[in-house]
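Protein chains in written order, with the numbering used here: chain H, 531 to 926; chain D, 531 to 926. The next block holds one structure in the form of structure tokens; read it before the comments.
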């Protein structure tokens with residue numbers, strides 16, 4: 531497996547995007563019918579494009595249209611009409627059926643789309659579609675909201691049969707990124723030229739998302755618009771996928787997830803939390819997410835304070851089953867607590883070393899629960915006053 | 531029922547406290563044996579004083595000793611010894627048995643108590659005990675940590691039998707205040723001169739805590755040291771309690787809970803969230819707590835932004851069962867959404883009125899789910915950059 535710069539423009543796909551002020555449109559197009567796997571938010575309030583896309587994902591798919599600046603969420607019947615209309619406009623430009631288009635939106639909740647702008651931008655973008663890397667980047671930029679950077683990852687890998695396949699993705703998301711989803715988070719569009727059998731594509735995506743986006747927390751607020759979609763158009767000519775494909779898909783989703791937390795609203799530091807030796811996988815996931823979700827841990831990391839008691843307290847309230855007297859805790863490679871014995875008291879070298887470790891831009895926290903054999907990793911960021919400033923700004 | 535100024539110094543109780551720098555001791559003493567109900571944190575990591583107090587609460591109780599500045603949490607066997615030693619020192623000064631003393635701690639996690647300071651302060655305070663209001667206040671001040679104000683409430687009420695009883699309380703807490711507890715939160719010491727039968731005291735306290743502290747959220751971080759205790763010494767001479775007692779106890783705990791969120795770390799505004807017509811009580815509680823816990827709602831309130839989409843999204847992810855198309859939403863008395871129809875679009879009078887409403891210091895958000903007949907209220911505060919500053923400061 532090696533990284534490439536193609537983004538979603540892997541072989542057999544083209545894309546482009548436009549952003550004008552806060553409003554943008556991205557298009558991703560497959561040169562032939564693609565298998566589609568779609569995962570959407572578990573929020574009871576689901577945005578209109580998600581409801582429309584869920585229907586369209588049942589069949590083969592030819593393209594994706596996404597807008598930024600307006601979530602088309604909590605917009606009732608009118609919103610459904612607008613989402614379908616977006617598919618129709620895109621389909622018209624691409625010469626495909628409206629039912630073959632996946633639609634996504636991100637932005638403010640509770641407002642009607644400006645269909646005139648949407649229509650104009652779709653037409654504009656459809657004329658600039660290409661398979662070039664910079665067009666994937668334009669699509670990634672078009673879906674940004676509070677993101678400060680476009681997010682794009684792609685790889686090439688060789689299946690065990692010797693066939694070479696590509697997987698690429700773009701995503702957006704910097705706030706309203708949450709821990710409690712079972713099936714998806716934020717906007718992420720993945721493409722592959724591999725042939726992925728229909729019976730396998732859903733599992734492949736779910737397995738990748740479980741370890742990546744679903745372990746990603748910025749602010750604990752689950753969105754109404756979260757969507758991850760994988761299109762596989764089979765132009766690579768392979769007949770099936772294997773572990774190498776899954777490994778590459780896992781890599782792409784994990785790297786995209788990391789890009790999201792690193793670009794978290796107001797984030798100054800990246801935090802990775804590894805929980806080891808938990809009693810069950812669920813326990814490991816719960817404990818890792820509790821630490822990475824804790825406002826108190828996030829603010830301590832921001833302040834460069836190795837206040838490890840907050841980490842222990844977060845694991846304690848996570849619901850994971852463990853004996854506090856058996857826990858070992860590390861910040862980077864500095865051991866603060868070993869099997870329940872506190873090493874990092876005031877004026878110890880451990881505390882001094884922990885201070886140095888927590889001062890860096892990327893921090894790995896490791897907790898060994900010593901309760902079993904399961905582990906999990908969660909991805910997050912610190913919380914700065916800037917997070918509050920960004921979200922206190924008038925947006926309604 | 532009417533408010534009094536006695537605090538925990540209701541008839542038959544005395545108290546006092548001392549605070550020197552970050553370290554303080556509070557003592558509360560009953561002139562005779564009191565029935566005791568104790569609720570402690572659900573955090574898997576329980577501080578040493580909680581484990582000791584759980585044992586002591588099984589019998590009759592004569593007093594409470596609490597220190598601030600050090601949580602005596604995650605301190606292993608040594609911590610248990612220190613907690614027991616605190617009881618012994620207090621018991622020695624008060625002329626009671628160590629097993630008759632409840633012990634509580636609040637402060638930094640993972641450090642041994644300085645027993646020399648603790649001992650000196652207990653002895654000092656025991657010499658100044660009195661039933662005066664200012665001594666209850668001194669006790670309330672002694673247990674403060676990041677609190678900016680002491681918190682004290684007391685009432686007098688008349689039972690249906692005509693007997694007059696008093697209930698008083700002090701509490702502390704401004705951070706690490708959390709939504710997921712089933713049995714308790716923060717330090718709160720309640721006293722009553724009523725006789726409360728042993729079989730009723732636990733239910734009375736649980737019922738009051740369920741509607742007050744357990745609906746209180748500042749930052750979603752459940753502490754290792756949360757404790758609520760009620761001492762009832764029966765000096766009022768009544769033989770049983772009734773609904774009037776419960777009403778008074780509910781009032782005292784709710785008012786104390788409100789004082790806690792109003793003094794939340796960095797808080798500039800008080801938020802009350804009322805969820806009505808939910809399918810079940812559990813749904814109403816989940817939905818109300820989700821709104822009051824949402825960082826995005828809290829930052830929007832701080833910024834004076836009536837960004838109601840974030841409120842709808844929070845209810846949507848709460849796990850409550852409802853139909854988004856039937857929800858009505860109010861900020862104060864301004865209706866933003868009526869039965870799923872959005873009224874507060876840009877440039878509408880509704881949005882202007884909502885802007886005015888959200889600019890005030892105390893904000894009530896009401897959501898009618900129209901899914902059933904249950905309701906709940908949650909108490910919280912906004913999130914300001916000051917919250918981050920306070921928690922980013924070096925404390926280890």
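All C-beta atoms in this analysis are idealised placements derived from N, C-alpha and C, irrespective of residue type, glycine included.
Query raised in the report: Can residue 854 of chain D and residue 864 of chain H be called in contact, C-beta distance under 9 Å?
Result: In the second chain, the residue the question calls residue 854 of chain D occupies position 324. In the first chain, the residue the question calls residue 864 of chain H occupies position 334. No.
Query raised in the report: Would residue 592 of chain H be called buried (16 or more neighbouring beta carbons within 10 Å of its own) or exposed?
Result: Stepping through the first chain from its first residue, residue 592 of chain H is reached at position 62. Buried, since its Cβ has 16 or more Cβ neighbours within 10 Å.
**Report entry** Member of D:607, D:831, D:637, D:597 whose CA lies at the smallest distance from the CA of residue 620 of chain D
**Finding:** Walking along the second chain from the start, residue 620 of chain D turns up at place 90. Among D:607, D:831, D:637, D:597, the Cα nearest to that of residue 620 of chain D is on D:597.
Report task. Taking residue 905 of chain D and residue 814 of chain D to be in contact with their CB atoms under 8 Å, please state how far apart those CB atoms are, rounded to whole angstroms. Result -> As a position in the second chain, residue 905 of chain D is number 375, starting the count at 1. As a position in the second chain, residue 814 of chain D is number 284, starting the count at 1. Indeed they touch by this definition, with Cβ atoms about 5 Å apart.
Requested in this report: Let me know the beta strand (DSSP E) ranges lying completely inside the segment 587–648 of chain H, each 3 residues or longer, listed in chain order.
Outcome: 591–600, 631–638
Query raised in the report: Using a beta-carbon distance below 9 Å, is residue 833 of chain D in contact with chain H?
Result: Looking up residue 833 of chain D in the second chain gives position 303. Residue 833 of chain D counts as touching chain H.
Query raised in the report: By the criterion of Cβ-Cβ separation under 7 Å, what are the contact partners of residue 913 of chain D in chain H?
Result: For the purposes of this step, residue 913 of chain D is identified with residue 383 of the second chain, where counting begins at 1. Per Cβ cutoff of 7 Å: 918.
**Report entry** Nearest to residue 666 of chain H (by Cα), restricted to the options H:623, H:594, H:641, H:856
**Finding:** The sequence position of residue 666 of chain H within the first chain is 136, counting from 1. Nearest option by C-alpha distance: H:594.
**Report entry** Cut-off 6 Å between Cβ atoms - residues of its own chain near residue 835 of chain H, not counting five sequence neighbours on either side
**Finding:** What you label residue 835 of chain H is simply residue 305 of the first chain in a count that begins at 1. Around residue 835 of chain H: no qualifying Cβ.
Query raised in the report: If you check the beta carbons only, do residue 717 of chain D and residue 732 of chain D fall under 9 Å apart?
Result: Residue 717 of chain D sits at position 187 when you count from the first residue of the second chain. Residue 732 of chain D sits at position 202 when you count from the first residue of the second chain. No; because the gap between Cβ atoms is not below 9 Å, this pair is not in contact.
Query - Whole runs of the beta strand (DSSP E) within the segment 703–787 of chain H, excluding any shorter than 3 residues - result: 717–722, 757–762
Query - Alpha-carbon spacing of residue 647 of chain D relative to residue 602 of chain D, whole angstroms - result: As a first step, residue 647 of chain D must be located in the second chain, where it is residue number 117. As a first step, residue 602 of chain D must be located in the second chain, where it is residue number 72. Approximately 14 Å between the Cα atoms of the pair.
Query - Where residue 923 of chain H sits in the DSSP three-state scheme - result: Looking up residue 923 of chain H in the first chain gives position 393. Three-state DSSP puts residue 923 of chain H in coil, outside helix and strand.
Report task. For residue 867 of chain H, decide whether its Cβ has a neighbour in chain D, counting only Cβ atoms nearer than 9 Å. Result -> As a first step, residue 867 of chain H must be located in the first chain, where it is residue number 337. By this cut-off, residue 867 of chain H is an interface position.
Query raised in the report: Which chain D residues sit within Cβ distance under 9 Å of residue 886 of chain H?
Result: Position 356 of the first chain, counting from 1, holds the residue named residue 886 of chain H. Going along chain D, no residue has its Cβ under 9 Å from residue 886 of chain H, so there is no contact; the nearest lies around 13 Å.
Report task. Assess, as a yes-or-no matter, whether the segment 544–563 of chain H is touched by the segment 649–658 of chain H under the definition of 3 or more beta carbon pairs within less than 8 Å. Result -> yes
**Report entry** Option in D:538, D:577, D:588 with minimal Cα separation from residue 600 of chain D
**Finding:** Start at 1 with the first residue of the second chain, and residue 600 of chain D comes out as number 70. Nearest of D:538, D:577, D:588 to residue 600 of chain D, Cα basis: D:577.
Query raised in the report: Taking DSSP as the reference, what is the three-state secondary structure of residue 804 of chain D?
Result: Translated into positions along the second chain, residue 804 of chain D becomes position 274. Here residue 804 of chain D sits in strand by DSSP.
Report task. Grab me the residues of residue 640 of chain H's own chain with a C-beta within less than 6 Å of its C-beta, minus the 5 sequence neighbours each way, in chain order. Result -> As a working mapping, residue 640 of chain H is identified with position 110 in the first chain. Excluding sequence neighbours, residue 640 of chain H sits near 604.
Query raised in the report: How is residue 859 of chain H classed by DSSP in three states: helix, strand or coil?
Result: On the first chain, position 329 is the one that residue 859 of chain H refers to. Residue 859 of chain H: strand per DSSP, three-state reduction.
Query raised in the report: Between H:550, H:902, H:587, which lies nearest to residue 810 of chain H when the distance is taken from Cα to Cα?
Result: Start at 1 with the first residue of the first chain, and residue 810 of chain H comes out as number 280. The residue with the shortest Cα to Cα distance from residue 810 of chain H is H:902.
Report task. Return the chain-ordered list of same chain residues with a C-beta closer than 8 Å to the C-beta of residue 846 of chain D, the five sequence neighbours on each side being excluded. Result -> Mapped onto the second chain, residue 846 of chain D falls at position 316. Excluding positions up to five away in sequence, the list reads 854.
Query raised in the report: Using a Cβ-Cβ distance under 9 Å, would residue 926 of chain D count as near chain H?
Result: By one-based count along the second chain, residue 926 of chain D stands at place 396. Any reading at residue 926 of chain D must be qualified, since the residue scores a pLDDT of 48, below 50, and its modelled position is unreliable; the value itself is stated next. Interface residue, yes.
Requested in this report: For residue 844 of chain D, count neighbouring C-beta atoms within 10 Å of its own C-beta (all shown protein chains included) and say buried if the count is 16 or more, exposed if not.
Outcome: Start at 1 with the first residue of the second chain, and residue 844 of chain D comes out as number 314. Buried, because 16 or more other Cβ atoms sit within 10 Å of the Cβ of residue 844 of chain D.
Query raised in the report: In chain order, what residues of the same chain lie with their CB nearer than 8 Å to the CB of residue 922 of chain D, ignoring the 5 residues before and after it?
Result: Taking the first residue of the second chain as position 1, residue 922 of chain D is located at position 392. There are no such residues.
Requested in this report: For residue 840 of chain D, count neighbouring C-beta atoms within 10 Å of its own C-beta (all shown protein chains included) and say buried if the count is 16 or more, exposed if not.
Outcome: The residue you call residue 840 of chain D lines up with position 310 of the second chain. Buried: at least 16 other Cβ atoms inside 10 Å.
Query raised in the report: Which residues, in order along the segment 562–592 of chain H, keep a beta-carbon less than 9 Å from a beta-carbon of chain D?
Result: 571, 572, 573, 574, 575, 576
Report task. Please list the residues of the segment 814–826 of chain H that have a C-beta atom closer than 7 Å to any C-beta atom in chain D, keeping them in chain order. Result -> 824, 825, 826
Query - Among H:742, H:744, H:761, the one whose alpha carbon lies nearest that of residue 727 of chain H - result: Along the first chain, read from residue 1 onward, the residue named residue 727 of chain H stands at position 197. It is H:761.
Requested in this report: Output yes or no for whether 9 Å exceeds the beta carbon distance between residue 699 of chain D and residue 826 of chain D.
Outcome: For the purposes of this step, residue 699 of chain D is identified with residue 169 of the second chain, where counting begins at 1. For the purposes of this step, residue 826 of chain D is identified with residue 296 of the second chain, where counting begins at 1. Not a contact, by the Cβ cut-off of 9 Å.
Query raised in the report: When you compare only the Cα positions, how much space is there between residue 792 of chain H and residue 911 of chain H?
Result: As a working note, residue 792 of chain H is residue 262 in the first chain. As a working note, residue 911 of chain H is residue 381 in the first chain. Roughly 6 Å between the two C-alpha positions.
Query raised in the report: In or out: residue 889 of chain H buried (at least 16 other Cβ within 10 Å) or exposed?
Result: Position 359 of the first chain, counted from the first residue, corresponds to residue 889 of chain H. With fewer than 16 Cβ atoms within 10 Å of its Cβ, residue 889 of chain H is classed as exposed.
Requested in this report: Flag this pair as yes or no: are the beta carbons of residue 803 of chain H and residue 907 of chain H separated by less than 9 Å?
Outcome: If you number the first chain from 1, residue 803 of chain H lands on position 273. If you number the first chain from 1, residue 907 of chain H lands on position 377. Result yes, Cβ atoms of residue 803 of chain H and residue 907 of chain H sit closer than 9 Å.
Requested in this report: Would you kindly report the start and end of the unbroken beta strand (DSSP E) that includes residue 897 of chain D?
Outcome: Working through the second chain from its first residue, we reach residue 897 of chain D at position 367. 892–898 is the span of the beta strand (DSSP E), which, as asked, contains residue 897 of chain D.
Query - 6 Å CB neighbourhood of residue 542 of chain H in its chain, flanking five on each side removed - result: As a working mapping, residue 542 of chain H is identified with position 12 in the first chain. Excluding residues within five positions, the ones whose Cβ falls inside 6 Å are 561, 723, 763, 765.
Query raised in the report: Between the C-alpha atoms of residue 535 of chain H and residue 819 of chain H, what's the straight-line distance to the nearest angstrom?
Result: In the first chain, counting from the first residue as 1, residue 535 of chain H sits at position 5. In the first chain, counting from the first residue as 1, residue 819 of chain H sits at position 289. In a straight line, the C-alpha of residue 535 of chain H is about 31 Å away from that of residue 819 of chain H.
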